[in-house]
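If you read the sequence shown in our numbering, its first letter stands for residue 84, the second for the next number, and so on.
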Amino acid sequence: MNSLFRQLNQSEIPYCLFFNSINHQKTTSQFFSAISRLGNGIFWYVLMASLPLIYGNEAWKVILHMMSVATVAYIIYKLLKTKTKRIRPYNYNKEILQNSPVLDQFSFPSGHTMHAFSFATILLHYYSEWSIIIIPFIILVALSRLILGLHYPSDVAMGIFIGYLLATSSLLLL
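Following this line, the structure appears as structure tokens:
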């Protein structure tokens, strides 16, 4: 596994450097740092707390669905992080500016992206009217992970894949 990630790291570093170059502009860096912090869970928790106020008791089904998938996603995330131990791009290449805190040591997969895509898929299944807010937000979360130098493109791609797969699988099971 480590040799695969070494090869991937080497091939993805030019893309990491490209995305990270945006992080060198103060305003852009602050914007994507804020998006990343919101993607930590704050945005999703506030959204879930507001759903019963907007939709009444029917929203509890959606919230429980989102939390159930989030629990499975977290377990998968932790297992993959500890098993693969992929170093973060800023640790691999010192030209990558990292000025945003990380939640853990390893890179693969992007947990922010995984949760964003799983939450969004479930939420939009029930309440598609949120798409105008949610779709741009999850795209920004995914981009923030690249721009801040915290993840490789394949980390983000796998986060999207796992998050979407978990959410759609859970919808099929219902």
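Idealized CB from N, CA, C, for every residue including glycine. Predicted model, so just to flag it, every value in this text is computed and none were measured.
Asked                                                                                                                                                      : Found
Checking the sheet assignment: what are the DSSP bridge partners for I125?                                                                                 : None; I125 has no bridge partner.
Does the beta-carbon distance from I158 to L223 come in below 7 Å?                                                                                         : no
Do you know how far the Cα of N182 is from the Cα of Q113?                                                                                                 : 9 Å
Tell me, which residues are paired with I170 by DSSP?                                                                                                      : F189
Take the Cβ of H234 as the centre, count every other Cβ of all protein chains shown within 10 Å, and call the residue buried at 16 or more, exposed below. : buried
Is it buried or exposed for M150, if we count other Cβ within 10 angstroms and need 16 for buried?                                                         : exposed
Suppose you measure from the CA of L136 to the CA of Y209; what does that come to, to the nearest Å?                                                       : 15 Å
Is L249 closer than 7 Å to A153 when the C-beta atoms are compared?                                                                                        : no
Return helix, strand or coil for H208, following the three-state DSSP convention.                                                                          : helix
How is E178 classed by DSSP in three states: helix, strand or coil?                                                                                        : coil
Measuring CA to CA, which of A132, L256, L100 and T204 is closest to G232?                                                                                 : L100
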